[in-house]
Amino acid sequence: MLSRLLKEHQAKQNERKELQEKRRREAITAATCLTEALVDHLNVGVAQAYMNQRKLDHEVKTLQVQAAQFAKQTGQWIGMVENFNQALKEIGDVENWARSIELDMRTIATALEPGTGACWVSRGWKLPTCPQRRS
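Each residue of the sequence shown is one higher than the last, beginning at -17 in our numbering.
Listed below in structure tokens is the structure:
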């Protein structure tokens, strides 16, 4: 009877060990699956962050190129505006010069009117150094 109890006890212990080993393997398998799922989930987030970073880097480079082009174009516009302002100043100078010449010509024309002592000589007016007419 004792030997039978011992055998039953050993059989139950073996069953428990096998059940415990089976549960341990299942727990290891479940933990492995859980770990892989967590890693996959994290990898998706990391991959998305990496893709976002690459897109941002590309956008930054594009923006830098566009900013450089805009700065160059702005410099050209500034140069054009400065040239235009200079041209306007020159036009103003020419206009003032033309007014001055016109005023001088009117003064000369007034001085050369008949009765002021000027006379006509072949291609232009001659001032009072020409011989005077006698009346």
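We treat Cβ as the ideally placed atom computed from N, Cα and C, and that holds for glycine. Note that this is a predicted model, so its numbers are computed, not measured.
The straight-line gap separating the alpha-carbon atoms of Ser(-15) and Arg5 is approximately 29 angstroms.
Assigned with DSSP and collapsed to three states, Met(-17) falls in coil, not helix or strand.
Here the alpha carbons of Gly74 and Val42 stand approximately 47 angstroms from one another. A straight-line Cα-Cα distance of about 11 angstroms links Arg36 and Ala29. When secondary structure is reduced to three states using DSSP, Glu95 falls in the coil class, being assigned neither helix nor strand.
Taking the CA atoms as reference points, Ala12 sits about 29 angstroms from Gln(-8). CA-CA distance, Leu38 to Gln48, rounds to 15 angstroms.
One Cα belongs to Trp59, the other to Glu84, and the distance between them is close to 37 angstroms.
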